[in-house]
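What follows is a short report on a single structure.
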Amino acid sequence: MNLISIVTPCFNSENTIRQTLENVVNQSYQNFEYIIVDGASTDGTLNIINEYKNQFGDKLRVISEPDNGIYDAMNKGISEARGNIIGIINSDDWFELNTLELVNHNYSGAKYEILYGMQKNWENEKEKIVFIKNHDFIDSQMLTHPTCFVTKSTYSDLGKFDTTYKSSADYELMIRMVKSGKVQFTPIHQIMANFRLGGMSSGQIGVREDAKIRYHYGIISKKKMLYTIFKSFIYESMSKRKLV
1 MNLISIVTPC FNSENTIRQT LENVVNQSYQ NFEYIIVDGA STDGTLNIIN EYKNQFGDKL
61 RVISEPDNGI YDAMNKGISE ARGNIIGIIN SDDWFELNTL ELVNHNYSGA KYEILYGMQK
121 NWENEKEKIV FIKNHDFIDS QMLTHPTCFV TKSTYSDLGK FDTTYKSSAD YELMIRMVKS
181 GKVQFTPIHQ IMANFRLGGM SSGQIGVRED AKIRYHYGII SKKKMLYTIF KSFIYESMSK
241 RKLV
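Okay, so the sequence shown: first residue is 1 according to full-length UniProt numbering, each after it adds one.
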């Protein structure tokens, strides 16, 4: 059986992390380790995590120290992982209870492999199913990142998250993996994760970073990149005025 490592970066997540924890500890596939990378939370996050220590037993490891943002925290967790497959779930999102079972069943055994599936997006307690997004179209759309499980060798040999990006490092990572031509992508046609809308990457910072990434990889022209960035700043400025 494959040992699957799950990484959760968190900071002051007392309002949401309980559901994340519940849906990890109750997975139908139990050959996993759980690494929580906390950015020195000042609310009740660590108290909630401590409530679950007995349930997780030796599966759980907690790192709590200041970090340089969410992607730095993810990289720390990846570096600590002992499993041959690594999944990342943020502290305001949660897995389906059979997610790890699906990953173990569908993993082909390739050295460089990324498995991904479908997710539910949640906004104001209303759900919307996001159907599977083919990695062949990564130029124009992001894979549903909470459903992505990446082999340890992929991160070790092809690189982790580029922390120069504050919002779109996950998108850059996936484009880099596709463009490498070395990674096998395995779609799983079932719901694997639940994602709360309204996070950092939903804003205009993400729009601008996405444009820079697409230009870097030759997907769009410099003119298109600059136009997208300019339009994003205009939209952001108009939105701020409406709030005044």
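Note that the Cβ used here is the ideal one computed from N, Cα and C, for glycine as well. All values reported here derive from a predicted model rather than from experimental measurement.
Simplified DSSP state of residue i, which is helix, strand or coil
i: T101; result: A small fix is needed here, since residue 101 is Glu in this sequence, not Thr. Correct three-state label for E101: helix.
i: I6; result: strand
i: P146; result: helix
i: N106; result: helix
i: S201; result: With a pLDDT of 47 at S201, under the threshold of 50, the modelled position of that residue is not reliable, and the figure given next carries that caveat. Three-state result, S201: helix.
i: K160; result: coil
i: V130; result: strand
i: Y112; result: coil
i: I229; result: helix
i: G218; result: coil
Selection from the options that minimises the alpha carbon distance to residue i
i: N194; options: M1, H216, E127, V150; result: E127
i: E172; options: R214, Q30, E125; result: R214
i: D157; options: F149, V25, V183; result: V183
i: G44; options: I70, D58, T16; result: T16
i: N98; options: T163, T147, E14, I70; result: T147
i: V25; options: L60, G218, L3; result: L60
i: K160; options: K76, N84, V178; result: K76
i: D210; options: Y29, Y235, I175, P187; result: I175
i: D72; options: A169, Y52, Y217, L3; result: A169
i: E125; options: N12, R18, L197, L100; result: L197
i: Q19; options: F95, E236, D38; result: F95
i: L102; options: G181, V178, Q30; result: Q30
i: D58; options: G87, I191, F32, I85; result: F32
Rounded C-alpha distance that separates residue i from residue j
i: F233; j: K224; result: 14 Å
i: M142; j: I129; result: 15 Å
i: S153; j: I78; result: 11 Å
i: S221; j: T164; result: 21 Å
i: Q55; j: I205; result: 38 Å
i: S64; j: W122; result: 28 Å
i: E22; j: Y227; result: 44 Å
i: I89; j: A110; result: 23 Å
i: I48; j: F230; result: 43 Å
i: T186; j: R208; result: 29 Å
i: E80; j: H145; result: 20 Å
i: Y52; j: V62; result: 11 Å
i: D93; j: I219; result: 30 Å
i: N12; j: K212; result: 30 Å
i: N84; j: L3; result: 6 Å
i: Q190; j: M118; result: 6 Å
Beta-carbon gap between residue i and residue j smaller than 7 Å
i: A40; j: P66; result: yes
i: L115; j: N104; result: no
Residue i CB to nearest heavy atom of the ligand MG below 6 Å
i: R196; result: The model depicted lacks the ligand MG and carries no ligand whatsoever.
Restricting to runs no shorter than 4 residues, where is the alpha helix (DSSP H) found entirely within the UniProt domain "Glycosyltransferase 2-like" (5-103)? Counting whole runs of 4 or more residues, the UniProt domain "Glycosyltransferase 2-like" (5-103) contains the alpha helix (DSSP H) stretches 17-25, 45-51, 53-56, 70-80.
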